[in-house]
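Undergrad:
In the working numbering, the protein residues as written are 688 to 794.
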């Protein structure tokens, strides 16, 4: 494996072949290389979790839109889904109420 290092000497780029940027050879089983690959995987997993959370909100909005337009009714959903939707709506309503009570609005 070939790497490019930053000014601090840390690996910042990796290539299977030598390139204009990645000229330094490093053993594939090097602890430094394994740590770099592992940290990249951890960052990807964290990004995927964030994306999942954002996508949940999209799905909630789609379900609400479909119900508003009469395409589905709340009772069409499985009971577990109904419970989760109600719990999230309740949490969101409480969070919105708390946001309305900032220090500037208190008299």
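Glycine is no exception: its CB is placed at the ideal position from the N, C-alpha and C atoms.
Can you give the Cα-Cα distance for residue 740 and residue 772, rounded to whole angstroms?
TA: Straight-line Cα distance between these residues: approximately 14 Å.
Undergrad: Pull up the distance between the alpha-carbon of residue 781 and that of residue 774, whole angstroms please.
TA: Residue 781 and residue 774: Cα-Cα distance of roughly 11 Å.
Undergrad: What is the DSSP secondary structure of residue 781, counted as helix, strand or coil?
TA: Residue 781: helix per DSSP, three-state reduction.
Undergrad: So what does DSSP say about residue 702, is it helix, strand or coil?
TA: The answer is strand: DSSP assigns residue 702 an E or B state.
Undergrad: For residue 715, which residues in the same chain have their Cβ closer than 8 Å to its Cβ, ignoring the five residues on either side in sequence?
TA: So the qualifying residues of the chain are 688.
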